[in-house]
Ligand SMILES: [Zn+2]
C-alpha cells in the first residue's frame, strides 16, 4: 500500500513482539514504510522521531472483525470514519465484513472497496468477500476470483450458511484457494425471535432468548466439515464455553481451525442487558459468567488465537427502538485496547504477551496478512500503548459515526498513545504523553 511509506524512528519505548520473541527497551526504525531495524539507541539522520518513553511499542494491532458499513449504510459508518475510529483505538488494520449493500460477491466490488480504502482510509483495510451470491445462502460466489481481487477470506456474516452441502463446497474451495471461511455460526431456526442469550436473565426480563446451542450446533457442523475437506475455518465471534470446547477438539484433531473472541464477550455477561438494554444487544449475544470465564481461559491457553471487536455501528434512532426491533451490534474499535488492558492484562487473567499476540500475530496468521510482528522488512505498523493511562469512555468523543456502546462512562486503564501505519503517525492521544 503505497499510501503508507514514510520514515520514522520510534525511540525509548518497551518493544514487545511476541511472534518475534522481542521484549525489551529498544528503538524501532521504519524506512519507506517498513521495519528496517530494531536496536538500542538507533540513529537515523533526518528521520522524524516519535518519543515512546514509558510506552509499550507493539506490532500494529489487527482487528479481524469489523463492519465499515460502506457501501450502502453510510449513515452508520464510512470507510473514512471507521478507519479513523480504528486509528484512535490503536488498530492499524481492519478485516471488514461483507454485509454491505451491495455485498461484495463480485471481484470488481472488492477492487472498488480497496480503491475507496486507499483514497479515504487511514489504516489498512482487508476485505472479506461473500461466501454466497448476494449473501443469500443459496449459490456459491466466485471465491477464487474474489481472492484474486484482494479478499482475504469469506463470510456471509450476519447470515448463516444453513445448507451443509453448500458449506462443504465452500470449504473445499477455500482449501484450494488457501483463504479461510469465517462464517456466522448461527442456526436461525433455533435463535428465531431471540434478542439476548436464552437463560435465567432472559426469563427474568421476559425477553426472547437465543440458546447457546444455536451457535454451538453450527460450529460443530463447520469444524467437522473443515476436518473432512481440509478447508481453513476461522470461527467468528466465539461466545460460548461449549463452542470453545468444539474448537479445542477440532484443533487437537488436526483440523485447520482458528477462532476469535470479541472484547465484549470477555468483559460482559447477559446481566448487562438488564442495565444497558439495546446497547447490550448483539449477535452472538452476551452469555453467562461461565462462558466469559471459559473464554478467558481459552485465550490464556492459546485455544483462541485472536481478539476482535465485531465493531457494528448503528445510528442512535435505530438503537432507540424497542429491544425486539433494535439492530444487533455495538461499536468496539475505540474501547478495545482499554478493555483488553483493564480486564485481561491488569487483572492478571491473561499474560500481556498473550493479549498482544491475540491482537497481532494471531489474526495475521489466521488470514495470511502481512504484519502482526516487527521483523525487518515487515510493514511499519506499530501500536503504542500507555498501559497506565486512566481514562473514561465518552462516546460523544468517538471518531466513529456511531455511538452504540454499553461502555459509556466506564473508567479504563490503558489506551493507545499513538498509532503508526507504514511509518506514518495516523493518531496521537491528545491527552497522552507522546
Ligand atoms: Zn457474525
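Residue numbers (the working numbering): 16 to 449. Think of the CB as a built atom: it goes at the ideal place given N, C-alpha and C, for glycine as much as any other residue.
Check: Taking the continuous alpha helix (DSSP H) assigned at residue 339, which residues delimit it?; Outcome: Unbroken run through residue 339: none, as it is neither H nor E.
Check: Ligand 1 and residue 199: does the residue's C-beta get closer than 6 Å to at least one heavy atom of that ligand?; Outcome: yes
Check: Strictly by DSSP, which residues pair up with residue 274?; Outcome: 250
Check: Within the segment 278–352, note down every full beta strand (DSSP E) run reaching 3 residues or more, in order along the chain.; Outcome: 321–323
Check: Below 8 Å on the Cβ atoms is my guess for residue 161 versus residue 125; work out the distance and round it to an integer in Å.; Outcome: 6 Å
Check: Are there 16 or more other CB atoms within 10 angstroms of the CB of residue 305, so buried, or fewer, so exposed?; Outcome: exposed
Check: Under 7 Å between the Cβ atoms of residue 414 and residue 207?; Outcome: no
Check: If you reduce the DSSP assignment to three classes, tell me which class residue 143 lands in.; Outcome: strand
Check: Compare the C-alpha of residue 201 against each of 232, 88, 56, 192 and name the closest.; Outcome: 232
Check: In the segment 148–231, which residue ranges form an unbroken alpha helix (DSSP H) of at least 4 residues, counting only runs that do not cross its ends?; Outcome: 158–164, 179–192, 203–206, 215–220
Check: DSSP state of residue 399, grouped into three classes?; Outcome: strand
Check: Run through DSSP, which three-state label would residue 440 get?; Outcome: strand
Check: Which complete alpha helix (DSSP H) runs does the segment 110–141 hold, if anything under 4 residues is left out?; Outcome: 122–135
Check: For a test of the three-state rule: what should DSSP assign to residue 86, helix, strand or coil?; Outcome: coil
Check: Can you determine whether any heavy atom of ligand 1 sits closer than 6 Å to the C-beta of residue 171, and answer yes or no?; Outcome: no
Check: DSSP on residue 355, reduced to helix/strand/coil?; Outcome: helix
Check: Within its chain, find whatever has a CB closer than 8 Å to the CB of residue 238; leave out the 5 residues flanking it on each side and keep chain order.; Outcome: 248, 250, 261, 262, 264, 265, 270, 272
Check: Please state whether the Cβ-Cβ distance between residue 323 and residue 80 is less than 7 Å.; Outcome: yes
Check: In terms of residues, what are the limits of the alpha helix (DSSP H) holding residue 260?; Outcome: 256–267
Check: Using the beta-carbon count (16 or more within 10 Å), is residue 289 buried or exposed?; Outcome: exposed
Check: Are the Cβ atoms of residue 278 and residue 354 separated by less than 7 Å?; Outcome: yes
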